[in-house]
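See below for the structure under consideration.
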Amino acid sequence: MLRFATPIFFMIVGFIYLIATLNLPKARLGDPNGPMYFPIIIAVLIIVSSAVYFFQEWKLRKEEFKEFQLIKEGRAPLYLIATIVLMLIYTFLFERIGFLYATMLFLGGLMFLLNGRKRWIYNIIIAVAFSFITWYAFAELLQVSLP
Amino acid sequence: MGIDMQYVIEGFMVAIQPQNLFWIALGGFLGTIVGMLPGLGPATAIALLIPITFGMDPTSALILMAAIYYGAMYGGSRSSILLNVPGDGSAIAATFDGYPMAQKGQAGQALAISAIASLIGGLVAVVGFILLSQPLAQFALKFGPAEYFMLMIFTLSAIVALAQGAMVKGFIAMGVGLLLSTIGIDLQTGVYRFTGGNVHLADGVDFLVVIIGIYAVGEVMYNYLTIDRPLGEKKNIGKIWITKEQWNRTKWPMLRNGPIGFLVGVLPGAGGAIASMISYSLEKQVSKKPEEFGEGAIEGLAAPESSNNAASVGAFIPMLTMGIPGSGTTAVILGAIVMLGLKPGPLLFENNPDMVWTFINSMFIGNIFLVILNIALVALLVRILDTPPKTLYPIILLLAFMGTYTLNFSMTDFVILIVFGLIGLVMKILQFPVAPLILAVIVGSEMEQNLRKSLVTHDSAWGLMTASPITIGLVILTIISLGYPLLTSWLKKRKLERSMGQ
């Protein structure tokens, strides 16, 4: 039941957080339990609200759960998964092959993904041009040292 | 307490320094553009531009970010009027009468009146800012830890309560935000909390990365879902000016909705979106011809436009006088200026009156600049609406990564960015409000410090809540803000059941 996945997920988050809080080391300065108070309040807040959320969803259990349909429509799943993969590759390559090459690959990948292969000249121009513009803006104008 | 003319003049002189004029113009221009683009709002624009503010002096950074904010209020209505697609929440009300006007061939007048209304709302609100900010800062000087803690509770609960129809989800979002703020070394005792042994997390999760992830990466991915849908046809603009009769019809609506929008903006939780809705329905109620509303009544466009811009100015008051942002956008701005070493709060007005006045004057200049920009260059601006989103979104993603990199030069932050982008996407899909999370991440640590400081003097939660008349007042306000939506939905339900029964 997809409908209950979110409330149950947050309830688990709340309980894990609560357990982690109760296992925090005691403070040597001041109140030994000082670091725990605020997190305990937060944990209770999350657990209680996700319980209420669960019951709200329980009341709707006979209705169709439509929220995730948007993701499945058209080419959206392809766009999302490919973008996430590209972002991860970018993270992996950024320091290894240097900013310029990594960025051209990343932007180029996104452009081909969204605009298709037919507009390959346009895609390549945008990817290369914006990689250089960004490099210039950050490395030269803002003096950020890029790998 | 009067206004020291010397500071007013000095502030004006600083605000018209070439570099500050440049930031006003740049911010206003960028804000207008981002505001125009469907689905992207001021918070995204500011989150993306955070790296530019590094190395700037805090006053200029504040001027720039404020200009982006109210610039987005000007820009948001362009696409509402021409395409019937609001740029962001604040511009929804502009579609009600703005688009019908464009359909009747009055697009030029609609664009003109929305710029003029924004100007009037903005100027009224700047005057309101001058009148209200100093007394409020004076009042905030009386605040101790207990008062601050309760004020934060009230602000958070107001934000949650105003997340229409999604209070429970709002509480969960707020809880997650607070949870994130507790990661890292505990400031009072040095205990490591929830770092899982990762050295990078000892300083906590960088809230700016969270912001960029949710507002930039998350928003872009959410917009992917509808990227293949064709937009409506853009209307021809025609002559950009209004007639004498239109001015007479709109001058009072613009003037009276400025203060309304301003006050709504000052309140925690409510922003431009709510201000413009309130103004729209109010103007409809007082109108002699309410039947024209929705068919292209020019007052129906002028009122919310004046109001939402005024709200964006008002929203700076709680942030600057008390250090507590009342909305997602001001929370982002607060996060950015705190990074630059500025600490907003009541003392800012005592110690840096020059800065405050420079800021106020910059808003005057910025609003005048924007009305010129939006009327004279409107033909050029609307061409930006033709920029294909499929080119724009990859560039926004790249900027998000660059912004994140300049914060700590860390690849761990890239992973955090991607994770929060996904969280932002899922929250949007499941209709979780984002603002409570952002606000909680930013004020969470302050809130905990204030709670623990006040627990030293007041030994129980009850003692804390009844520490002073101010805390009692804030407790009552919190109860009202949380109880009111519950009450109205219950009353609605009962009314519905009764009418069903009959």
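As you go down the protein sequences, you meet chains A and B in turn. Quick note on numbering: my numbering labels position 10 of the first sequence as 98, and the sequence is numbered without any gaps. Quick note on numbering: my numbering labels position 84 of the second sequence as 92, and the sequence is numbered without any gaps. Glycine included, every Cβ here is placed at the ideal spot set by N, Cα and C. Being a predicted model, the structure only gives us computed values, none of them experimental.
**Message:** What are the residues in the stretch 205-221 of chain A lying within 7 Å of chain B by C-beta distance?
**Reply:** Of all residues in the stretch 205-221 of chain A, Ile214, Phe218 have a Cβ within less than 7 Å of some Cβ in chain B.
**Asked** Can you list, in chain order, the residues of the stretch 448-463 of chain B whose Cβ is nearer than 8 Å to any Cβ on chain A?
**Response** Taking 8 Å as the Cβ-Cβ cut-off against chain A, the residues of the stretch 448-463 of chain B that qualify are Met455, Glu456, Leu459, Arg460, Leu463.
**Prompt:** Relative to chain B, which residues along the stretch 163-175 of chain A have a C-beta separation below 9 Å, given in chain order?
**Reply:** For the stretch 163-175 of chain A, the set of positions with a beta-carbon nearer than 9 Å to some beta-carbon of chain B reads Arg163, Ala164, Tyr167, Leu168, Thr171, Ile172, Leu174, Met175 in chain order.
**Request:** Note down, in chain order, each residue of its chain lying with its Cβ closer than 8 Å to the Cβ of Met9(B), except the 5 sequence neighbours on either side.
**Result:** Translated into positions along the second sequence, residue 9(B) becomes position 1. At Met9(B), the pLDDT of 45 sits below 50, so the modelled position is not reliable; the number obtained from the coordinates is stated separately. Here the set comprises Gln142, Pro143, Gln146.
**Request:** Kindly indicate if chain A contains any beta-carbon less than 8 Å away from that of Pro493(B).
**Result:** As a working mapping, residue 493(B) is identified with position 485 in the second sequence. It does not; no Cβ of chain A falls within 8 Å.
**Asked** First and last residue of the alpha helix (DSSP H) that includes Ala311(B)?
**Response** As a first step, residue 311(B) must be located in the second sequence, where it is residue number 303. Per DSSP, Ala311(B) is one residue of the alpha helix (DSSP H) stretching across 306-322.
**Asked** Would Ala74(B) pass as a contact of Ala53(B) if the rule is Cβ separation under 8 Å?
**Response** Numbered from its first residue, the second sequence carries residue 74(B) at position 66. Numbered from its first residue, the second sequence carries residue 53(B) at position 45. It is not a contact, given that the beta carbons lie outside the stated cut-off.
**Ile325(B) beta carbon less than 8 Å from that of Leu140(B)** = Taking the second sequence and counting its residues from 1, the one referred to as residue 140(B) is at position 132. Taking the second sequence and counting its residues from 1, the one referred to as residue 325(B) is at position 317. Contact: yes.
**Prompt:** Taking 8 Å as the CB-CB limit, is Phe30(B) close to chain A?
**Reply:** Residue mapping note: residue 30(B) aligns to position 22 of the second sequence, counting from 1. By this cut-off, Phe30(B) is not an interface position.
**Message:** So Asn203(A) contacts chain B; which residues on that side make the cut at Cβ distance below 7 Å?
**Reply:** The sequence position of residue 203(A) within the first sequence is 115, counting from 1. For Asn203(A), the C-beta contacts it makes with chain B under 7 Å involve Lys398, in order along the chain.
**Asked** What are the start and end residues of each continuous alpha helix (DSSP H) run of 4 or more residues lying completely inside the stretch 323-368 of chain B, in chain order?
**Response** DSSP runs (the alpha helix (DSSP H)) wholly in the stretch 323-368 of chain B: 324-330, 336-347, 354-359.
**Item:** Residues that Ile193(B) bridges to, as DSSP identifies them
**Value:** Here residue 193(B) corresponds to residue number 185 of the second sequence, with the count starting at 1. Tyr200(B), per the DSSP bridge assignment.
**Asked** Hey, is Thr414(B)'s beta-carbon within less than 8 Å of any beta-carbon in chain A?
**Response** The sequence position of residue 414(B) within the second sequence is 406, counting from 1. Yes, because at least one Cβ of chain A sits closer than 8 Å to the Cβ of Thr414(B).
**Message:** Using a Cβ-Cβ cutoff of 8 Å, what residues of the stretch 186-198 of chain A are near chain B? List them in chain order.
**Reply:** Answer in chain order: Thr191, Phe194, Leu195, Leu198.
**Prompt:** Mind checking if Ile130(A) is an interface residue toward chain B, Cβ cutoff 8 Å exclusive?
**Reply:** The residue given as residue 130(A) occupies position 42 in the first sequence. It does; some Cβ of chain B falls within 8 Å.
**Message:** Looking at Ile130(A): is its Cβ nearer than 8 Å to the Cβ of Leu186(B)?
**Reply:** Reading the first sequence from its first residue, position 42 is the one you call residue 130(A). Reading the second sequence from its first residue, position 178 is the one you call residue 186(B). Yes; because the gap between Cβ atoms is below 8 Å, this pair is in contact.
**Request:** Give the DSSP-derived three-state secondary structure of Ser233(A) in the structure shown.
**Result:** Working through the first sequence from its first residue, we reach residue 233(A) at position 145. In the structure shown, Ser233(A) sits in coil (DSSP, three-state: anything other than H, G, I, E or B).
**Asked** Using a Cβ-Cβ distance under 8 Å, would Phe422(B) count as near chain A?
**Response** Sequence index remark: in the second sequence, residue 422(B) carries index 414 (1-based). So yes, Phe422(B) belongs to the interface.
**Span of the alpha helix (DSSP H), counted from its first residue to its last, around Pro261(B)** = Within the second sequence, residue 261(B) is the residue found at index 253, counting from 1. Pro261(B) -> alpha helix (DSSP H) spans 252-274.
**Request:** Give me the Cβ distance between Pro444(B) and Gly106(B), rounded to the nearest whole Å; I'm assuming they're in contact under 8 Å.
**Result:** Numbered from 1 along the second sequence, position 436 holds the residue referred to as residue 444(B). Numbered from 1 along the second sequence, position 98 holds the residue referred to as residue 106(B). Contact doesn't hold; Cβ gap of about 30 Å is too wide.
**Request:** Compare the C-beta of Lys501(B) with all C-beta atoms of chain A and state if any pair is closer than 8 Å.
**Result:** On the second sequence, position 493 is the one that residue 501(B) refers to. Residue contact check for Lys501(B) against chain A: no CB pair falls below 8 Å.
**Item:** alpha helix (DSSP H) runs contained entirely in the stretch 11-57 of chain B, provided each spans 4 or more residues
**Value:** Taken in chain order, the complete alpha helix (DSSP H) segments of 4 residues or longer contained in the stretch 11-57 of chain B are 13-23, 26-44.
**Prompt:** Can at least three beta-carbon pairs, one atom from the stretch 451-462 of chain B and one from the stretch 185-200 of chain B, be found at a separation below 8 Å?
**Reply:** Contact between the stretch 451-462 of chain B and the stretch 185-200 of chain B is present, because at least three Cβ pairs lie under 8 Å.
**Prompt:** Beta carbon of Ser320(B), beta carbon of Gly280(B): below 8 Å?
**Reply:** Reading the second sequence from its first residue, position 312 is the one you call residue 320(B). Reading the second sequence from its first residue, position 272 is the one you call residue 280(B). In this structure, Gly280(B) lies closer than 8 Å to Ser320(B) by Cβ.
**Item:** Beta-carbon neighbours of Val199(B), restricted to chain A and to distances below 7 Å
**Value:** Reading the second sequence from its first residue, position 191 is the one you call residue 199(B). Simply Leu112, Pro113, Ala115, Pro123.
**Item:** Met9(B) at chain A interface by Cβ criterion, 8 Å
**Value:** Taking the first residue of the second sequence as 1, we reach residue 9(B) at position 1. In this predicted model, Met9(B) has a pLDDT of only 45, less than 50, meaning its place in the structure is not dependable; the value taken from the coordinates is given anyway. When Cβ-Cβ separations below 8 Å define contact, Met9(B) makes no contact with chain A.
**Prompt:** Listing by chain order, which chain B residues have their CB less than 7 Å from the CB of Leu158(A)?
**Reply:** Working through the first sequence from its first residue, we reach residue 158(A) at position 70. For the C-beta of Leu158(A), the chain B residues within less than 7 Å are, from N- to C-terminus, Leu233, Ile437.
**Message:** Any C-beta of chain A within less than 8 Å: which residues of the stretch 161-188 of chain B qualify?
**Reply:** Within the stretch 161-188 of chain B, the qualifying residues are Val176, Lys177, Phe179, Ile180, Met182, Gly183, Val184, Leu186, Leu187.
**Prompt:** Is DSSP giving Leu201(A) helix, strand or coil here?
**Reply:** If you number the first sequence from 1, residue 201(A) lands on position 113. Here DSSP, grouped into helix, strand and coil, assigns Leu201(A) to helix.
**Message:** For chain B, check one thing: does any of its Cβ atoms lie closer than 8 Å to the Cβ of Tyr105(A)?
**Reply:** What you label residue 105(A) is simply residue 17 of the first sequence in a count that begins at 1. With 8 Å as the cut-off, Tyr105(A) counts as an interface residue toward chain B.
**Message:** What does the alpha-carbon distance come out to for the pair Gln231(A) and Phe187(A)?
**Reply:** Along the first sequence, read from residue 1 onward, the residue named residue 231(A) stands at position 143. Along the first sequence, read from residue 1 onward, the residue named residue 187(A) stands at position 99. The C-alpha of Phe187(A) is placed about 14 Å away from the C-alpha of Gln231(A).
**Contact with chain A by Phe409(B), beta-carbon distance below 8 Å** = Within the second sequence, residue 409(B) is the residue found at index 401, counting from 1. Cβ-Cβ to chain A under 8 Å: yes for Phe409(B).
**Asked** Ile392(B) and Met44(B): beta carbons closer than 8 Å?
**Response** Reading the second sequence from its first residue, position 384 is the one you call residue 392(B). Reading the second sequence from its first residue, position 36 is the one you call residue 44(B). Taking 8 Å as the Cβ cut-off, Ile392(B) and Met44(B) qualify as a contacting pair.
**Request:** Locate the alpha helix (DSSP H) running through Ala111(B), then write down its first and last residues.
**Result:** Taking the second sequence and counting its residues from 1, one reaches residue 111(B) at position 103. It is Gln, not Ala, that sits at residue 111(B) in the sequence shown. 101-111 is the extent of the alpha helix (DSSP H) around Gln111(B).
**Asked** If the cut is a Cβ gap below 8 Å, which residues of chain A does Tyr401(B) touch?
**Response** Working through the second sequence from its first residue, we reach residue 401(B) at position 393. Those are Leu198, Leu202, listed as they occur along chain A.
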